[in-house]
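Engineer:
Numbering (the UniProt record's numbering), first residue to last: 1 to 587.
(1) Straight-line CA distance for residue 189 to residue 198?
(2) Pull up the distance between the alpha-carbon of residue 353 and that of residue 482, whole angstroms please.
(3) Restricting to Cα atoms, I'd like to know which of 41, 143 and 110 is closest to residue 87.
(4) Express the C-alpha separation of residue 544 and residue 209 in angstroms, rounding to a whole number.
(5) Exposed or buried, what is residue 135 when buried is set at 16 or more other beta-carbons lying within 10 Å of its beta-carbon?
(6) Residue 366: which of 43, 103, 528 and 123 sits nearest, CA to CA?
(7) Do you know whose CA, among 558, 288 and 259, lies nearest residue 155's CA?
(8) Around the Cβ of residue 312, are there at least 16 other Cβ atoms within 10 angstroms (buried) or fewer (exposed)?
(9) Whose C-beta lies closer than 8 Å to the C-beta of residue 518 among residues of the same chain, with five residues either side of it excluded?
(10) According to DSSP, is residue 27 helix, strand or coil?
(11) Nearest CA to the CA of residue 596: which residue from 266, 423, 531 and 329?
(12) Thinking just about the alpha-carbon of each residue, which of 240, 473, 384 and 515 is nearest to the one in residue 594?
(13) In the structure shown, what three-state DSSP assignment does residue 363 receive?
(14) Please work out which residues of its chain come closer than 6 Å, Cβ to Cβ, to residue 73, disregarding the five sequence neighbours upstream and downstream, and give them in chain order.
(15) Start and end of the alpha helix (DSSP H) containing residue 231?
(16) Note down, in chain order, each residue of its chain lying with its Cβ closer than 7 Å to the Cβ of residue 525, except the 5 sequence neighbours on either side.
(17) According to DSSP, simplified to helix, strand and coil, what is residue 495?
(18) By Cβ distance below 7 Å, which residues in the same chain neighbour residue 332 in space, the five residues on each side in sequence not counted?
(19) Applying the 10 Å Cβ sphere with the 16-neighbour rule, what's the burial state of residue 218?
(20) Assess contact between the segment 200 to 207 and the segment 226 to 233, defined as three or more Cβ pairs (one per stretch) separated by less than 8 Å. Is contact present?
(21) Taking the continuous alpha helix (DSSP H) assigned at residue 627, which residues delimit it?
(22) Less than 8 Å separating the beta-carbons of residue 300 and residue 148?
(23) At a cut of 8 Å, does the segment 89 to 101 reach the segment 2 to 14 through at least three beta carbon pairs?
(24) Closer than 7 Å by C-beta to residue 334: which residues in its own chain qualify, once you throw out the five before and the five after it? Chain order, please.
(25) Does DSSP put residue 172 in a helix, in a strand, or in coil?
(26) If you compare alpha carbons, which of 279, 304, 137 and 531 is closest to residue 589?
(27) First and last residue of the beta strand (DSSP E) that includes residue 373?
(28) Please work out which residues of its chain come closer than 6 Å, Cβ to Cβ, to residue 532, disregarding the five sequence neighbours upstream and downstream, and give them in chain order.
(29) When the Cα atoms are used, what is the spatial distance from residue 27 to residue 157?
(30) With DSSP as the reference, label residue 457 as helix, strand or coil.
(31) Compare the C-alpha of residue 46 against each of 285, 179, 236 and 248 and name the closest.
(32) Hey, out of 343, 461 and 248, whose CA is closest to residue 514's CA?
(33) Fully enclosed by the segment 259 to 313, which alpha helix (DSSP H) runs are 4 residues long or longer?
(34) Roughly how many whole angstroms lie between the Cα atoms of residue 292 and residue 123?
(35) When burial is assigned at 16 or more other CB atoms within 10 Å of the CB, is residue 589 buried or exposed?
(36) Could you tell me how far apart the beta carbons of residue 261 and residue 173 are, in whole angstroms, since I believe they sit closer than 8 Å?
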């Protein structure tokens with residue numbers, strides 16, 4: 001139960017619902033107990049009638065009164081039970097809502113390294129399957145526990161009042177039941193943890209297969225993928241069956257022990273009646289009803305225990321993530337105004353997951369309104385610079401300053417709000433094109449969206465779709481071509497009119513003519529803003545105020561286009577190569 005203590009704050013939050021639900025539960029159980037008491041009275045009336053102690057009219061009146069009380073009490077108990085479920089079960093839905101929001105908010109806070117070390121399917125399983133199991137603990141398990149406790153206490157009191165000796169014999173099997181529950185619960189907890197782990201593996205494999213379906217089809221490996229899925233599903237099924245086998249012991253054991261109690265009631269009660277220790281055979285009937293009323297509560301002990309064990313296993317998996325402290329923390333609460341002056345001083349950075357040093361003593365400075373172009377081979381550290389400006393990672397050595405203030409002393413929210421970022425791998429959401437563009441500015445008008453699309457040279461493509469800007473994209477924007485996705489991403493970045501624009505090789509999938517038009521539009525849009533363009537093309541960098549060339553995490557060339565094409569090195573070689581390719585294509 002240690003892991004489930006995390007939910008105590010939610011139980012406290014909804015304590016009023018739980019208190020009202022508990023009171024209703026107790027009252028409902030009290031009304032249920034009218035049945036055995038009036039069944040006893042019916043037996044007493046029958047005995048008196050056959051003994052000629054009462055007349056037929058009195059007998060009929062007593063019988064009718066007892067039946068009416070039983071029916072009335074049952075109706076009231078049913079109504080109260082309905083309200084009990086409405087109060088307590090609803091709490092579980094509130095807790096589910098709050099817990100999912102808490103997990104999602106934690107996912108949002110965690111740094112990129114976390115997502116590199118954990119699979120999407122596993123993360124999804126914890127916020128869906130695991131939370132659902134925890135909800136069962138916060139709702140049905142809690143409700144039946146209160147119901148069982150209330151009924152058990154009340155019934156035992158009534159039983160003792162009716163016959164203490166018979167009560168003692170009736171509850172003899174219960175300690176045995178407790179030991180069995182304890183033993184089985186430990187095994188259920190262990191097997192539930194394994195089941196959840198396999199569900200995560202299954203979710204992860206499925207999610208990755210769906211996301212990479214185009215690759216699977218292109219390589220024709222559907223049969224092998226199906227075999228792998230079946231193998232994983234079979235392993236998951238085996239673990240589920242192992243868990244079910246243990247859970248299956250509960251109800252047979254309950255029925256056996258309740259049946260034993262019924263036999264004891266009949267035998268011991270019968271002997272007491274013969275010996276004159278109890279006044280009426282109705283007492284035996286009353287006790288049999290009491291025992292059978294305890295059948296479901298006692299049976300639910302096993303079911304509830306199973307739910308609690310599964311919930312604890314799931315909550316433990318959830319807590320593992322909730323306890324993780326984000327690597328990137330916002331330590332500044334005051335609002336920070338970002339203008340765009342950026343300076344890197346002796347910056348070095350190594351990725352934790354790969355231990356690759358991406359940057360080594362990098363130094364450069366860019367003023368507000370200027371454009372910096374970064375070129376270099378694949379893996380030279382270009383994208384890393386953009387990630388560090390957005391403070392997606394913290395550096396190992398040196399300093400990054402914006403507005404002459406070190407980046408970790410800026411308000412993180414204000415910093416990222418002031419940045420328009422177009423990633424190398426253009427990611428679009430499964431929503432309309434309009435919504436994807438407005439992602440950069442939620443309150444943007446339709447005119448703002450169209451203007452941004454025009455500047456990104458994608459407006460003409462969009463209006464050719466049947467639904468235009470209301471076209472719903474497939475997962476990750478699969479409906480669009482690579483160039484269209486890049487241009488929609490550019491529109492999403494520029495619509496917010498940020499102080500800093502970061503373009504990570506975002507024109508690689510467009511032709512040179514479209515690239516020229518986009519760059520021309522961006523030069524107008526970026527006036528007064530700081531722009532950094534990462535590219536493999538000289539054409540994207542030639543008009544920049546400053547160009548740096550990276551190689552193995554170090555700056556090996558720095559200057560303007562006119563200067564660098566006259567110096568032997570990577571930039572000149574790339575320029576001549578691309579110039580030659582352009583000439584060949586033209587001819």
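All C-beta atoms, glycine included, are put in the ideal place defined by N, C-alpha and C.
Just so we're clear, the structure is a prediction, and the values are computed from it rather than from any experiment.
Structural biologist: So, to answer that:
(1) The residue you call residue 189 lines up with position 189 of the chain shown. The residue you call residue 198 lines up with position 198 of the chain shown. Whole-angstrom Cα-Cα distance: 15 Å.
(2) Translated into the one-based positions of the chain shown, residue 353 becomes position 353. Translated into the one-based positions of the chain shown, residue 482 becomes position 482. C-alpha separation (whole angstroms): 29 Å.
(3) Taking the first residue of the chain shown as 1, we reach residue 87 at position 87. It is 143.
(4) As a position in the chain shown, residue 209 is number 209, starting the count at 1. As a position in the chain shown, residue 544 is number 544, starting the count at 1. The straight-line gap from Cα to Cα measures roughly 42 Å.
(5) Within the chain shown, numbered from 1, the residue matching residue 135 stands at position 135. By the 10 Å Cβ count, residue 135 comes out buried.
(6) Taking the chain shown and counting its residues from 1, one reaches residue 366 at position 366. Here the closest residue by C-alpha is 528.
(7) Indexing the chain shown from 1 puts residue 155 at position 155. With distances taken between Cα atoms, residue 155 lies closest to 288.
(8) Position 312 of the chain shown, counted from the first residue, corresponds to residue 312. When all chains shown are included, residue 312 counts as buried.
(9) Counting from one through the chain shown, the residue named residue 518 turns up at place 518. Setting aside the 5 residues that flank it on each side, residue 518 is surrounded in the same chain by 455, 456, 457, 487, 490, 507 and 510, each with a C-beta closer than 8 Å to its C-beta; the list follows chain order.
(10) The count along the chain shown starts at 1 and reaches residue 27 at position 27. Residue 27: helix per DSSP, three-state reduction.
(11) This structure gives no information on residue 596, because the portion of the chain shown stretches from 1 to 587.
(12) A question about residue 594 goes unanswered here, because the residues of the chain that appear run from 1 up to 587.
(13) As a position in the chain shown, residue 363 is number 363, starting the count at 1. Residue 363: strand per DSSP, three-state reduction.
(14) The sequence position of residue 73 within the chain shown is 73, counting from 1. Here the set comprises 31 and 34.
(15) To locate residue 231, count along the chain shown from 1; it is residue 231. Residues 222 to 247.
(16) To locate residue 525, count along the chain shown from 1; it is residue 525. Correct list, in chain order: 455 and 494.
(17) Taking the chain shown and counting its residues from 1, the one referred to as residue 495 is at position 495. Note: residue 495 maps to coil in three-state DSSP.
(18) Start at 1 with the first residue of the chain shown, and residue 332 comes out as number 332. The residues are 409, 410 and 411.
(19) Numbered from its first residue, the chain shown carries residue 218 at position 218. Around the C-beta of residue 218, fewer than 16 other C-beta atoms lie within 10 Å, and the residue is accordingly described as exposed.
(20) yes
(21) Because the chain here runs from 1 to 587, residue 627 falls outside it and cannot be looked at.
(22) Counted from its first residue, the chain shown places residue 300 at position 300. Counted from its first residue, the chain shown places residue 148 at position 148. Yes; because the gap between Cβ atoms is below 8 Å, this pair is in contact.
(23) yes
(24) The residue labelled residue 334 in the question sits at position 334 within the chain shown. So the qualifying residues of the chain are 411.
(25) Mapped onto the chain shown, residue 172 falls at position 172. Coil at residue 172, not helix or strand.
(26) Examination of residue 589 is not possible in this model, given that the chain is present from 1 through 587 alone.
(27) Position 373 of the chain shown, counted from the start, is the residue given in the question as residue 373. For residue 373, the enclosing beta strand (DSSP E) begins and ends at 371 to 376.
(28) Here residue 532 refers to the residue found at position 532 when the chain shown is read from its first residue. Here the set comprises 372 and 502.
(29) Sequence index remark: in the chain shown, residue 27 carries index 27 (1-based). Sequence index remark: in the chain shown, residue 157 carries index 157 (1-based). Those two C-alpha atoms are separated by around 15 Å.
(30) If you number the chain shown from 1, residue 457 lands on position 457. In the structure shown, residue 457 sits in coil (DSSP, three-state: anything other than H, G, I, E or B).
(31) Along the chain shown, read from residue 1 onward, the residue named residue 46 stands at position 46. For the set 285, 179, 236 and 248, the Cα lying nearest the Cα of residue 46 is the one of 285.
(32) Residue numbering aside, residue 514 sits at position 514 when the chain shown is read from its first letter. For the residues 343, 461 and 248, the minimum Cα distance to residue 514 belongs to 461.
(33) none
(34) Position 292 of the chain shown holds residue 292. Position 123 of the chain shown holds residue 123. The straight-line gap from Cα to Cα measures roughly 44 Å.
(35) Any property of residue 589 remains undetermined from this structure, which presents the chain solely from 1 to 587.
(36) Working through the chain shown from its first residue, we reach residue 261 at position 261. Working through the chain shown from its first residue, we reach residue 173 at position 173. Contact flag correct, Cβ pair sits at about 6 Å.
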